[in-house]
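Report on one structure; see the data block that follows.
2 protein chains.
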Amino acid sequence: MGDISLEELQLATRNHGMPLEALRYDVTPVGLHYLLIHYDIPAVDPQSWTLTVRGTVQNSLELTLDELRARPAVEMTVTMECAGNGRARFDPRPVSQPWLSEAIGTARWRGVSLPSLLAEAAPLPGATEVVFSGLDRGIEKEIEQHFRRSLPLTETTDALLAYEMNGAPLLPQHGFPLRLVVPGWYGMTNVKWLDTIDVVVQPFEGFQQATAYHFRHDDDDEGRPLTRMAPRALMVPPGIPEFFTRARTVSLGDVELEGRAWSGHAPIAGVEVSDDGGESWAEAELGEDGGRWAWRSWNYVWRPQAAGEYVLSCRARDEAGNVQPVDAPWNVGGYSNNSVQRVSVTVTARDLL
Amino acid sequence: MGDISLEELQLATRNHGMPLEALRYDVTPVGLHYLLIHYDIPAVDPQSWTLTVRGTVQNSLELTLDELRARPAVEMTVTMECAGNGRARFDPRPVSQPWLSEAIGTARWRGVSLPSLLAEAAPLPGATEVVFSGLDRGIEKEIEQHFRRSLPLTETTDALLAYEMNGAPLLPQHGFPLRLVVPGWYGMTNVKWLDTIDVVVQPFEGFQQATAYHFRHDDDDEGRPLTRMAPRALMVPPGIPEFFTRARTVSLGDVELEGRAWSGHAPIAGVEVSDDGGESWAEAELGEDGGRWAWRSWNYVWRPQAAGEYVLSCRARDEAGNVQPVDAPWNVGGYSNNSVQRVSVTVTARDLL
């Protein structure tokens, strides 16, 4: 991996990942969920804020936060991952937010069902997509813009307009007062600081939809848009870390490995573990199903036979037959890098502190 | 600035800074306060956890969380900064957690006064220091260790054993179930996941006390320990950012600059602003005093006379006569870099979105 630039470091210090030991929690504690904030966190006054639903609809809507909160509420536990997770592991490294493997998190979101709100607005014949506009704004590739993304009407079924996260009002950095949550899709879909919902006839061609977030083999490739999360398993790095290198040390003996796995395409069917860098694999035990959109816990008792150096990996497969690759394909934007995690571990014969 | 290594990036993705637009909040929202976690976040069972107070005392204590919560509570708003804040701006760059300028935050901490607990334990004649041990452990410079720091008994006056942050139980990453808060001191003093308090006669010589966190001019310098936070002012970068470079653009006209300033030595006496990279300075207006240990807000209406490129800076001075330097002195560990912030801004004659 080449060295990281100042620009990448600036992004890394702003946009934080989830320390992987937090894989131990079913629901990620507040403040440990990953964050990718394209521009600045906007300051939103909830008293004057309203949500506008408009466009190719029979009934335009303008709703206050209180009006949204007065509607029937839906709650879902959802695992979310940045489409750029793993980017900094590609070689050559695509230059943007330099995620390693920590751009993940799981939260309990509570809010209003998007289909119910759209039904109220009543899309007119010809409507095909919904465009979500956030209040966050900035400049990207010389284009001044609000963060905006669209979703086909056919993909809105499970989506939520969330005003609560983990039982409390949304925090500023998670989109206060309202955000979109589209379970199973990569993070950029889940527009924060939601301001306007436009029902449209023509495909939305905004920057974040038509230019960014495409999987392109090379610069000439038109690419395909990123949508649902590819399957991935991650483990809590076992033992204790060295401060600077994060290298792990465990004592010889049984080591309880644990982690989580998820896929936006289908439920997790299994997780395998390797202690020889991917030469051989053994099946892990899956934990309880925490719901269709939540990650699945897994456990594996690792019994290293001797002190020495090991490389631990895990990989997930889902019920649609998607298998996490040992090495995911490089692409221009550095998206969807679900190559298996590699955790170097020193097994020592001595007891640790 | 030279390029950043994989090891530094690993730390940057774990240990997050406070996005500087969050300087707008008196109290930093949960999840935006900076975090520096030396090893891993330990999993602590609050049911079996106890705090032990022992050593050169008349009465050893062992207290449950409920027993601590049943005592008279103290609440304080405290600004905390990592001693390594600004490290990555030094040239050559000391290699460790690569902070730029965002390793800060302000929280409302609630807990038990440390002096009251120490009075109950009743230090015996000869006792000079208190050693705080955390449950977090790892390896640093080949030494296996729990995170441990000491404080002279004479410096314990304002300290708190906190079980709440911003009105809720401590989050795992902030030291659940109990942490030390020593207002005015750099972050490493505020031991998290507190387990044991030892009252001792001899100066504590543990790694984090005697080796790390020293200001050393060169490798032969014995150095002096880092203690209280040097004065610093920071501003919310104005206007809107470019995604990758974070470069700022504002429209020509009055620009309301705002920020915060603090010093661990004495209350803030004033903040100055420069728009020419530190050639000339103008006095900002200080906001209300939020308490001795909280940062002080400041405002300044900047009136750029023409479109063009500017470099904005701010600097603080405190009532003890400490003035923030334009360029702080380099040191081996990269500590206490309170060089003034430099924010490059493009002023454009056009209106922004």
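Residue numbers (the working numbering), protein chains in the order written: chain A, 322 to 674; chain B, 322 to 674. Think of the CB as a built atom: it goes at the ideal place given N, C-alpha and C, for glycine as much as any other residue. Fair warning: this is a prediction, and the values are worked out from it, not measured in the lab.
- Task: Taking only beta-carbon positions, decide if residue 421 (chain A) is within less than 7 angstroms of chain B.
- Result: True, the Cβ-Cβ gap to chain B drops below 7 angstroms.
- Item | Other residues of its chain near residue 588 (chain B): CB distance less than 8 angstroms, five sequence neighbours each side excluded | Cβ contact annotation for residue 588 (chain B) (same chain, cutoff 8 angstroms, sequence separation greater than five): 610, 613, 617, 639 and 640, in chain order.
- Pairing CB atoms from the region 380–400 of chain B with CB atoms from the region 589–599 of chain B, are three or more of them under 8 angstroms? No, the region 380–400 of chain B is not in contact with the region 589–599 of chain B.
- Item | residue 539 (chain B) classed as buried or exposed, judged by whether at least 16 other C-beta atoms fall within 10 angstroms | Residue burial annotation: residue 539 (chain B) is exposed, with fewer than 16 other C-beta atoms found within 10 angstroms of its C-beta.
- Query: Along chain B, in chain order, which residues have C-beta atoms closer than 7 angstroms to that of residue 570 (chain A)?
  - Reply: Here the neighbours are 460.
- Query: Taking only beta-carbon atoms, is residue 362 (chain B) less than 7 angstroms away from chain A?
  - Reply: For residue 362 (chain B), the answer is yes, since a Cβ of chain A falls inside 7 angstroms of its Cβ.
- Query: Do residue 569 (chain A) and residue 560 (chain A) come within 7 angstroms of each other at the CB atom, strictly closer than that value?
  - Reply: Closer than 7 angstroms, so yes.
- Please confirm whether residue 447 (chain A) and residue 349 (chain A) have their CB atoms less than 7 angstroms apart. At least 7 angstroms separates the beta-carbon of residue 447 (chain A) from that of residue 349 (chain A).
- Item | Of the residues B:667, B:419, B:645 and B:536, the one placed nearest residue 661 (chain B), counting alpha carbons only | The candidate whose alpha carbon is nearest that of residue 661 (chain B) is B:645.
- Item | DSSP bridge partner residues for residue 597 (chain A) (one or two, in chain order) | Bridge partners of residue 597 (chain A): A:632.
- Message: Let me see if you follow: with CB-CB separation under 7 angstroms, is residue 333 (chain A) close to chain B or not?
- Response: Residue 333 (chain A) has a beta carbon lying within less than 7 angstroms of a beta carbon in chain B.
- Quick one: measure Cβ to Cβ for residue 557 (chain A) and residue 666 (chain A), integer angstroms, because I've assumed they're closer than 8 angstroms. In this structure residue 557 (chain A) does not touch residue 666 (chain A) by the C-beta definition: roughly 12 angstroms separates them, more than the 8 angstroms allowed.
- Item | DSSP state of residue 466 (chain B) mapped onto helix, strand, coil | Shown here, residue 466 (chain B) sits in a strand according to DSSP, grouped into three states.
- Message: With H, G and I counted as helix, E and B as strand and the rest as coil, what does DSSP make of residue 486 (chain B)?
- Response: DSSP places residue 486 (chain B) in strand when its eight states are reduced to three.
- Mind checking residue 376 (chain B): buried by the 16 CB within 10 Å criterion, or exposed? Under this definition residue 376 (chain B) is a buried residue.
- Run of the beta strand (DSSP E) containing residue 480 (chain B), from where it starts to where it stops: Premise fails: residue 480 (chain B) is in no beta strand (DSSP E) and is neither H nor E.
- Message: Would residue 674 (chain A) pass as an interface residue toward chain B - the criterion being a Cβ-Cβ separation below 7 angstroms?
- Response: Chain B contact via Cβ: present.
- Task: Mind checking the region 351–375 of chain A against chain B and listing, in chain order, the residues whose C-beta falls within less than 7 angstroms of any C-beta there?
- Result: If the cut-off is 7 angstroms between Cβ atoms, the region 351–375 of chain A has 351, 352, 353, 358, 359, 360, 361, 362 and 364 near chain B.
- Tell me, please, which residues DSSP counts as bridged to residue 519 (chain B). In the DSSP assignment, the residues bridged to residue 519 (chain B) are B:375 and B:452.
- Message: I need the straight-line Cα distance from residue 458 (chain A) to residue 590 (chain B), nearest angstrom please.
- Response: Here the alpha carbon of residue 458 (chain A) sits roughly 35 angstroms from the alpha carbon of residue 590 (chain B).
- Item | Spatial distance of residue 504 (chain A) from residue 520 (chain B) (CA atoms) | Rounded to the nearest whole angstrom, the CA to CA distance from residue 504 (chain A) to residue 520 (chain B) is 52 angstroms.
- Query: Does the region 435–444 of chain A come close enough to the region 474–488 of chain A to have 3 or more Cβ pairs within less than 8 angstroms?
  - Reply: The region 435–444 of chain A and the region 474–488 of chain A touch, with no fewer than 3 CB-CB distances between them shorter than 8 angstroms.
- Message: I need the boundaries of the beta strand (DSSP E) containing residue 617 (chain B), first residue and last residue.
- Response: Unbroken beta strand (DSSP E) run through residue 617 (chain B): 617–623.
- Residues, ordered as in the chain, of the region 390–411 of chain B that lie near chain A by beta-carbon distance below 8 angstroms: Listed by position along the chain: 409.
- Query: What residue does the beta strand (DSSP E) around residue 669 (chain B) start on, and which one ends it?
  - Reply: Here the beta strand (DSSP E) through residue 669 (chain B) covers 664–669.
- Message: Against chain B, does residue 561 (chain A) count as a neighbour if the rule is that its beta carbon must be under 7 angstroms from one of theirs?
- Response: True, the Cβ-Cβ gap to chain B drops below 7 angstroms.
- Would a check of beta-carbon distances place residue 330 (chain A) closer than 7 angstroms to chain B? So, interface residue.
- Which listed residue (A:531, A:601, A:514 and A:444) has its alpha carbon closest to that of residue 364 (chain A): For residue 364 (chain A), the closest of A:531, A:601, A:514 and A:444 by C-alpha to C-alpha distance is A:514.
- residue 337 (chain A) CB to nearest chain B CB: under 7 angstroms? By this cut-off, residue 337 (chain A) is an interface position.
- Message: Just to make sure I have the definition right: I need the residues of chain A whose C-beta is within less than 7 angstroms of the C-beta of residue 345 (chain B). Which are they?
- Response: Against residue 345 (chain B), the close residues of chain A are 364, in the order they occur along the chain (beta-carbon pairs closer than 7 angstroms).
- Message: So residue 565 (chain B) contacts chain A; which residues on that side make the cut at Cβ distance below 7 angstroms?
- Response: Under the 7 angstroms cutoff, chain A gives 328 and 417.
- Can you name the start and end residues of the beta strand (DSSP E) that residue 386 (chain B) belongs to? Run containing residue 386 (chain B): none in the beta strand (DSSP E); it sits in the alpha helix (DSSP H), 386–390.
- CA nearest to the CA of residue 481 (chain A), picked from A:512, A:492 and A:454: Looking at the Cα atoms, A:512 is the closest of the given residues.
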